[in-house]
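Before any comments, here is the structure.
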Amino acid sequence: MEWSRPVVLLDDFEKDEHTGSNYVYPSSSPLYLNEKTLQRLKGAVVTVEPHIPTSESEIESTNAFTEASLTCIERSGKTIQQTFYESQSQWIDDPIISQWRDPNHQVHQVLSKVDDLYHAWGSAQINPFSPSANVFSLQIGHLLADVGLPWHNNQINMPNEIDTSWPFHFKSYEMGVLRAKGARVGDPDASGYVSNTSEANCYCIRALQQELREKHPTRRPILVYDHFDTKILKSVEAFFGLELHQIRLSNGRDDLIHDLKNVTADGARPIIFTATLGNANGEDDDMEMICEISHALPLFLHLDATRSFDYITTLPKRDRRQLGIQEFTLGTKTLDQSLRSKDGSIIAGTIVAGGFSCDASAPAVALKPTSLGANHERVAYTRASDSTLAGSRDAVSILWLALQELQLGEAGYREVYQHCASVRTELLRRFQSSGVPTGAPRYSLDVIIRNGSREQKERLVKLGGSLTGKGEVVLTVQAQAKLEDVESVISIMSPTTQHYSAVDLEQDLTSYPIPENIVNELRATVQSWKIATRSAAGYPFHMGSLSALGPVIGRFLDLQIPDDWVQARSDDILTARMEMFGLHTARDRSKFRGAFTNGSTMGNRVGIHVALRHFPDAFIYFSPESHYSVIKTMRDCDALTNRWVDRGPRYTQIPSDASGSILVEALVQQALMDKMQCLRRGEGYHMILFANIGTTFVGARDDLARVRASLNVAGIQISYIHVDGALDFGFDNCGIALGPPGSTGPDELPRVQGITLSHHKAMGNMVSGEVLCYSLGGELAPLVSPIDPRVVFETWLYSQIYTSSDVGTMLQYCRANASRLVSGLERLGVATKRNGQELIVVLERPPAWIIEEFSLRPQGDWVHFITMPHISPETVDFFVERITSVEKQCKIAFSYVEPLLSLGFMRPVKLRRVQCGSPLGERVAKLAQSLQPLNSAYYTCPNATVNPCIRGALSVAVIDEDEQLQAVFLAESLRDMSIRVGPILMASTYRDCTRATMDIGAQLIGFMARHMQATLRTDEASYAIYLF
């Protein structure tokens, strides 16, 4: 992939003779942006790639609509219905989706409403001065739909962490964004990731906090700010336990230094200074003054350049000097070193980068030097470190930003921003002539209108202006702004007619194409996803629903969804969700608040800190079967770890029982100890319980009724319960109801105060979720960040199409497939675990290439297979057949060598494959504690060698007639369809026949590899003999 200056478009548009193989918008296209009034694209018909049916049943099911139905749709002009019809070749059928082929199904009534929205929104004008009206984003949205997006995806973990079994991401494009933007501030090897503005800032600030923890563990930091977004800082304060202190940089150096010396104990406490180069009010921070402070006090700088990064980093140096814009370098420095580097640039430890899309929900890039911050623990489940804040991420949003970087590049940004600057200059000139007081921030292309009547402000807002808390209006000059837009603004603020000299403010916005090879690469990627989806059974994601609804959603990717519609539907969805959890009256619901999140990881983080706002000194309890990010949430917060007081952490992981549920007796015991500790200190005791309804790996549910009863007997009341039901709550409420702290239902089940669920799990729409919390005093609002309007649109669409009966049918289908899987595996003697009727089936590890093929998630000796709706009975049977074939191929190889070994060992023996969930696997693992090398040249055989071989499911044990172990041929299966040959473990009585044993072992592993068509790999440990 080349990162030159490149974007857009569609193969149903003509190729411009000047651009060769690049797609451009012809002047006749509705997307040609030099017309007087910019119109949104109503859309050409999406071209669906040819699809080869994979089964006879699929071939038979693709013609449910008649030709007459298609003709009727075409003539009616119903774009959405036609798109839906044409997408059938890619549908992944389940009991619900298959019904949609019926032209009389109620789904088509919903699509008629969706079609009305499509045409209404498609006819709206693009506001020239809105922070969210990025015309390049709309162009790219059209391209995304054309290549087949959205399809189910998840950009989980950091961009440089690749799980080869999970291809549903665009991490190579994300790495390109990091390199391109990092290079513009001096660090082409910058690390970080793409997320929304709030998360990006939180991630960067956490990195600086972690750097201070590592380099200066005894010095407690303080976060200092002036114009930085206070809503983001409220999250930072809660999530990380940082103390905040606001200053006014305009107060003068001496006063500032005096103030800061007081709050930092004369510099003993290091400062994390969070500065902005342009907030939503059009304000920016005085960077020169911050540099002055760094001369006197220890300081790290975090820079929020969400609204201005692409502008200021592509400005020619001469223009930057004339405008008084500082140059910034992303880098590390010692704590006591000044921010001003030798070359005059300002050293920022972390930066959040953005550009044209600069509203709070737009994607932004968190940048930090690779060496800055902490190394997070590796999570076996995801095969990566748990470094991001939100975990799962929507890959389409990330690709969107990456394609804009490809579309424009540094030169393109410079050209477009020069146009924007010309528009702003003309606007300011005319305001000055008309006597209208304005402001022009240094680091952005905003225009601030200081005064105006209520009517004038309302009319400016209709053009995209943003009303600030000060009563001012901020106009964000976007690329599509033209002379007519300038005249519209002037006519609002200065009704008297004035004559101005003619200026040329035209800009050709169609001259930045994406190369055809990139478009083809994306189309091929999506096509490959259609194949891989059918057998992706490791994550709890419904990956099939977007096969049918994705093309419909794709029609809206180049439209702006109106804010008022988003707000109204948000309220409706959250109200319905509260009713689902037992809040049936407006009075009941008034005590709770709900919000959309970018996934259940962030939902849990928010839910935990809402609980702490009610009970700031509470102890938190959760089990190790809770989602792996929960412990990260605890460790991130200095207030929870009690880092700066002489006490232990205020959270405890309570052990789980064999089923994965929290161990009630251990919980009671720990709670009593903590309560006694509080009593000795004369403090009150409060308990926050983080419970699970369907744990991540085994699908366990915590028994809340038993937990409550046992704690009551011990004299302990639960103060607050938050429940993570990320997957299960997507199907139903699982008997859980919301209520005030301490309340119970008629069934004596305690009411809970908070719940978390995911949208992308049970239902399969874009990565996102919801959190509902008890929030009498507005505890939730400061902790959640704005989300992509697509989240609300998709959630609304799904709620209209899927009835509660549909969801129940889908759940039963999944459960039946899980039962089918358990039966098939049990017939083979494979160890399995399943909690009740959960969809998660845990089984002992199969060979690694089967784990890879089905994207199974590992944990210790086990993996799980989740029968989500896109997993058909045929896929279940195919997986069982894969396991069966391994057993058959091994038995053939065993039949060849059993006579040879019986002869060599001078006793009848038989061979068995060692599986980690079996008693035989446990016996082999124990041998590692007492092995002795036959040859002194060998190292002692460590667990690090034995355990991977046992988990590889291809090691072979030699058993005599009394079931006693005689030898073990260790072999490790690898994900790339290869076998790494390990040592041979032998009973010491056979030390005189080692040569023959090595020969037979080589034959055995060779036969197995040949039959499985696997590659053999050997190293210095291969065939080394150890005695027991």
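Each residue of the sequence shown is one higher than the one before, starting from 811 at the first, in the numbering used here. Built from N, CA and C at the ideal position, the CB exists for glycine as well. Computed from a predicted model, the values in this text were never measured in an experiment.
- Pro-1173 is the residue among Gly-1279, Ala-1476, Glu-1475 and Pro-1173 whose C-alpha sits nearest the C-alpha of Asp-1204.
- By the neighbour-count criterion, in which 16 or more other beta carbons inside 10 Å mark a residue as buried, Asn-1408 falls on the buried side.
- For Asn-1753 and Gln-1739, the gap between their C-alpha atoms comes out near 8 Å.
- Closest by C-alpha distance to Leu-1237, out of Tyr-895, Ile-1081, Pro-938 and Ala-943, is Pro-938.
- Separation of the CB atoms of Ile-950 and Leu-1213 is rounded to 5 Å, and the pair is thereby assigned contact status at 8 Å.
- Shortest Cα-Cα distance from Gly-1154 to any of Gly-1164, Phe-1138 and Gly-1165 involves Phe-1138.
- Three or more pairs of CB atoms, one per stretch, sit closer than 8 Å, so the stretch 1594-1610 contacts the stretch 1006-1020.
- Only residues of its own chain outside the window of five on either side were considered, and among them Phe-939, Val-1283 and Leu-1285 have a CB closer than 6 Å to the CB of Gly-1275, listed in chain order.
- When secondary structure is reduced to three states using DSSP, Gln-1214 falls in the helix class.
- Within the same chain, Lys-1267, Val-1271 and Val-1283 come within 7 Å of Leu-1277 by CB-CB distance, once the 5 residues on both sides are set aside.
- Under the 10 Å beta carbon count, Gly-1354 is surrounded by 16 or more other beta carbons and is classified as buried.
- Per DSSP, reduced to three states, the secondary structure at His-1821 is helical.
- The DSSP assignment places 1001-1006 and 1032-1035 as complete runs of the beta strand (DSSP E) inside the stretch 981-1038, in order along the chain (cut-off: 3 residues).
- Taking 8 Å as the upper bound for CB-CB distance, Phe-1539 and Val-1617 are not in contact here, some 11 Å apart.
- No Cβ-Cβ contact shorter than 9 Å links Leu-1489 with Val-1517.
- Per DSSP, the beta bridge partners of Met-1796 are Ala-1777 and Leu-1837.
- According to the DSSP assignment, Ile-906 belongs to no beta strand (DSSP E), since it is labelled neither H nor E.
- Comparing C-alpha distances from His-1352 to each of Met-968, Gly-1062, Tyr-1608 and Ser-1615 shows the shortest one belongs to Tyr-1608.
- Pairing His-1680 with Ala-1194, the inter-Cα distance amounts to about 25 Å.
- In the three-state reduction of the DSSP assignment, Thr-1642 falls in the strand class.
- For Gly-1077 and Ile-1103, the gap between their C-alpha atoms comes out near 11 Å.
- Of the residues Ala-1763, Leu-1737, Ser-1746 and Leu-1713, the one whose Cα lies closest to the Cα of Cys-1803 is Leu-1713.
- For Met-1497, the uninterrupted beta strand (DSSP E) segment begins and ends at 1497-1502.
- By the neighbour-count criterion, in which a residue is buried when 16 or more other Cβ atoms sit within 10 angstroms of its Cβ, Tyr-1749 is exposed.
- Cβ atoms of Ala-1200 and Ala-1163 stay farther apart than 8 Å, at about 18 Å.
- DSSP places Glu-1093 in no beta strand (DSSP E); its state is neither H nor E.
- In the three-state reduction of the DSSP assignment, His-1105 falls in the helix class, which pools H, G and I.
- Separation of Ile-890 and Tyr-1349 (C-alpha to C-alpha, rounded to the nearest whole angstrom) is 31 Å.
- Excluding the 5 residues flanking it on each side, Asn-967 has same chain C-beta neighbours closer than 6 Å at Thr-1192 and Ala-1194, in chain order.
- The count of Cβ pairs closer than 8 Å, one atom from the stretch 1777-1795 and one from the stretch 1653-1663, reaches three, so the stretches are in contact.
- Put simply, the stretch 1628-1636 does not touch the stretch 1458-1465. Fewer than three CB pairs are less than 8 Å apart.
- The C-alpha of Met-985 is placed about 13 Å away from the C-alpha of Asp-997.
- Arg-1801 and Leu-1744 have their C-alpha atoms some 8 Å from each other.
- Exclusion of the five residues before and after Ala-1231 leaves Leu-1255 as the residues of its chain whose Cβ lies within less than 7 Å of its Cβ.
- With a contact defined as Cβ atoms closer than 8 Å, Leu-954 and Gly-1364 qualify at about 7 Å.
- In this structure, DSSP gives Tyr-1121 a helical state, which the three-state scheme calls helix.
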